[in-house]
Amino acid sequence: MSDTAIRPRMEQTGVADRLKTALPILLVPVLAALGFAAIGDMTTWLTLTVAGLAMGLMIFVMASGLTVVFGLMDVINFGHGAFVSVGAFVGFTALAWMGGWTASPSVLLNLSAVFLAICAAALVTGAMGYVFERVIVMPVYGHHLRQILVTMGGLIVTQQLIHVIWGPDAIHLARPSTLQGSIIIAGAAIEKYRIMAVGIGFALFLAMRYVLRSTKIGLLVRAGVENGEMVEALGYRIKRLFLLVFIAGSALAGLGGVMWGLYQETITAHMGSEILVLVFIVVIIGGLGSIEGCFIGALMVGLLSNYTAFLAPKIALVSTIALMVAILMWRPQGLFPVVKAK
């Protein structure tokens with residue numbers, strides 16, 4: 033066959049591959065467009081879209097650590113919800129200590145209080161993740177059934193410890209004064225906190241993407257997800273990498289717990305286990321080990337949840353499950369799978 037005959041086929045294959053890669057990226061704007069067509073009102077659609085983006089990005093923060101842990105370590109960690117709950121309560125305690133800052137009319141003091149609360153939650157849950165991995169997860173590597181049982185047990189024990197330390201009742205988590213209320217954008221009332229949550233979520237996504245794609249530790253993590261044995265053979269201590277990733281995933285869950293608590297304005301010991309369903313749905317939709325897939329999946333879940341809650345509240349609870357089923361029928365391994373389903 034001549035070169036002139038081969039070249040068009042190669043070009044067609046290249047176009048097909050690029051289109052296949054681009055299709056999942058287009059799902060979010062397509063879903064937003066369908067939501068606008070169904071709602072019909074610009075102000076309502078804009079309010080729901082910002083709320084959906086904020087919700088989705090907070091779920092992404094909580095799910096991003098889990099998807100890398102799942103993809104790299106092959107660990108089904110139902111205890112991930114414990115880090116979310118602990119992070120929310122640590123954030124509540126930190127904000128209570130900075131009551132003067134949160135009540136101040138200064139935007140700088142309010143944002144500083146939220147930032148310090150997030151850092152405190154990430155530090156505590158990161159340390160908790162170290163202990164959790166050493167004591168609970170490490171003995172059950174390679175045994176999925178045991179992982180489910182022991183990590184679920186760890187989640188239950190953590191919930192009871194929260195009851196002991198902070199009490200069994202739901203706690204109101206007030207937002208700092210300048211993050212309360214809404215602003216008017218194009219005629220739509222947009223909550224100030226949701227705008228901040230969108231900004232933090234996008235910033236964390238870009239930071240994680242940079243670390244995974246442009247740093248040595250990111251290269252090792254991605255290589256470990258695809259072929260851990262080869263990374264070990266090259267002389268790198270894959271178990272230490274496992275531990276580092278687990279700690280980072282736990283810290284992200286705690287960070288997301290603070291953001292989710294401020295979003296709901298109420299925190300309970302069971303909030304982590306309640307949000308865990310959506311976290312696992314996002315991980316499955318995005319594909320194991322994929323930050324980009326997790327990001328797109330979280331945005332889709334957030335937007336769909338808000339649109340259906342407005343249009344058809346009775347089916348809002350099952351809409352995300354239906355989305356997961358539809359995605360898996362199209363791409364059985366998720367949108368951007370890094371590793372094969374195990």
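Number 58 in this note's numbering belongs to position 26 of the sequence shown; there are no gaps in the numbering. Every residue gets a Cβ at the ideal spot worked out from N, C-alpha and C, and that includes glycine. Treat the numbers as computed from the prediction; the structure is a model and nothing was measured.
Cα-Cα separation between residue i and residue j, rounded to whole angstroms
{"i": "Ala229", "j": "Met291", "result": "7 Å"}
{"i": "Ala344", "j": "Tyr242", "result": "39 Å"}
{"i": "Ala221", "j": "Tyr295", "result": "16 Å"}
{"i": "Gly304", "j": "Gly289", "result": "8 Å"}
{"i": "Asn338", "j": "Ile347", "result": "11 Å"}
{"i": "Thr190", "j": "Ala149", "result": "20 Å"}
{"i": "Ala64", "j": "Leu55", "result": "15 Å"}
{"i": "Val362", "j": "Leu193", "result": "First, the amino acid is wrong: residue 362 is Trp here, not Val. Trp362 and Leu193: Cα-Cα distance of roughly 42 Å."}
{"i": "Arg254", "j": "Gly67", "result": "35 Å"}
{"i": "Ile359", "j": "Thr99", "result": "17 Å"}
{"i": "Ala128", "j": "His302", "result": "21 Å"}
{"i": "Leu238", "j": "Leu244", "result": "10 Å"}
{"i": "Ala69", "j": "Val62", "result": "11 Å"}
{"i": "Gly84", "j": "Ala265", "result": "44 Å"}
{"i": "Leu205", "j": "Gly293", "result": "7 Å"}
{"i": "Gly366", "j": "Gly321", "result": "10 Å"}
{"i": "Leu177", "j": "Ile57", "result": "34 Å"}
{"i": "Gly267", "j": "Gly219", "result": "59 Å"}
{"i": "Arg272", "j": "Tyr173", "result": "14 Å"}
{"i": "Val263", "j": "Lys248", "result": "13 Å"}
{"i": "His195", "j": "Gly131", "result": "23 Å"}
{"i": "Thr352", "j": "Cys326", "result": "14 Å"}
{"i": "Arg166", "j": "Ser246", "result": "29 Å"}
{"i": "His175", "j": "Pro200", "result": "33 Å"}
{"i": "Gly256", "j": "Leu236", "result": "22 Å"}
{"i": "Asp73", "j": "Pro171", "result": "55 Å"}
Supposed close pair residue i, residue j - CB separation, criterion 8 Å
{"i": "Gly111", "j": "Thr183", "result": "4 Å"}
{"i": "Phe102", "j": "Gly286", "result": "So it is not a contact: roughly 18 Å between Cβ atoms."}
{"i": "Leu80", "j": "Ile217", "result": "Their Cβ separation, rounded to whole angstroms, is 13 Å, which puts Leu80 and Ile217 out of contact at 8 Å."}
{"i": "Lys224", "j": "Gly213", "result": "6 Å"}
{"i": "Ala283", "j": "Ala95", "result": "Contact flag wrong, Cβ pair sits at about 14 Å."}
CA nearest to the CA of residue i, picked from the options
{"i": "Val383", "options": "Leu287, Ser322, Tyr295, Val350", "result": "Residue 383 is absent from the model: the chain starts at 33 and stops at 374."}
{"i": "Val370", "options": "Glu324, Leu331, Leu336", "result": "Glu324"}
{"i": "Ile307", "options": "Gly158, Trp133, Leu187", "result": "Leu187"}
{"i": "Ile197", "options": "Phe124, Thr79, Val277", "result": "Phe124"}
{"i": "Gly318", "options": "Gly219, Gly293, Met356", "result": "Met356"}
{"i": "Val107", "options": "Val277, Gly366, Ile359", "result": "Val277"}
{"i": "Val93", "options": "Phe234, Phe368, Phe147, Arg363", "result": "Phe234"}
{"i": "Ala280", "options": "Ala65, Met361, Ala255, Cys151", "result": "Cys151"}
{"i": "Ser117", "options": "Arg178, Ala128, Val253, Val156", "result": "Val156"}
{"i": "Phe274", "options": "Met74, Ala354, Met130, Gly161", "result": "Gly161"}
{"i": "Gly113", "options": "Ile180, Gly199, Pro200", "result": "Ile180"}
{"i": "Gly119", "options": "Ile270, Phe164, Gly158, Gly260", "result": "Gly158"}
{"i": "Ala126", "options": "Phe147, Thr352, Gly256", "result": "Phe147"}
{"i": "Phe164", "options": "Met130, Gly199, Asn109", "result": "Asn109"}
{"i": "Leu104", "options": "Gly199, Gly131, Leu252", "result": "Leu252"}
{"i": "Val75", "options": "Ile215, Ser246, Met170", "result": "A quick correction: the sequence has Thr, not Val, at residue 75. Answer by Cα proximity: Ile215."}
8 Å Cβ shell around residue i - same chain, five flanking residues per side excluded
{"i": "Val60", "result": "Ile328, Leu331, Met332, Leu335"}
{"i": "Trp133", "result": "Leu141, Asn142, Ser144, Ala145, Pro208"}
{"i": "Ile203", "result": "Phe121, Phe124, Thr298, Ile299, Thr300"}
{"i": "Ile71", "result": "Trp77, Leu80, Tyr339, Phe342, Leu343"}
{"i": "Met240", "result": "Ser96, Ile323"}
Cut-off 7 Å between Cβ atoms - residues of its own chain near residue i, not counting five sequence neighbours on either side
{"i": "Val139", "result": "Thr210"}
{"i": "Lys374", "result": "Confidence is the limiting factor: at Lys374 the pLDDT is only 47, short of 50, which leaves the residue's position unreliable, though a coordinate-based value still follows. Only Asp106 meet the Cβ criterion."}
{"i": "Ala135", "result": "Ser209"}
{"i": "Pro137", "result": "Ser209, Thr210"}
{"i": "Phe368", "result": "Pro56, Gly318, Gly319, Ser322, Glu324, Gly325"}
Proximal residues to residue i (C-beta, below 6 Å), its chain only, five neighbours per side dropped
{"i": "Val82", "result": "Ile222, Arg226"}
{"i": "Met42", "result": "For Met42, the predicted structure reports a pLDDT of 44, less than 50, and the residue's modelled location is therefore unreliable. The matter cannot be settled from this model."}
{"i": "Ala354", "result": "none"}
{"i": "Ile168", "result": "Val182, Gly186"}
{"i": "Gly260", "result": "Ile270"}
{"i": "Ile38", "result": "Note that Ile38 scores a pLDDT of 48, beneath 50, so its modelled location is shaky; the value from the coordinates is reported in the next line. Once the five neighbours on either side are set aside, Ile38 has no close Cβ partner at all."}
Q: Taking 8 Å as the threshold, find out whether the segment 307-323 comes into contact with the segment 80-92 through three or more Cβ pairs.
A: yes
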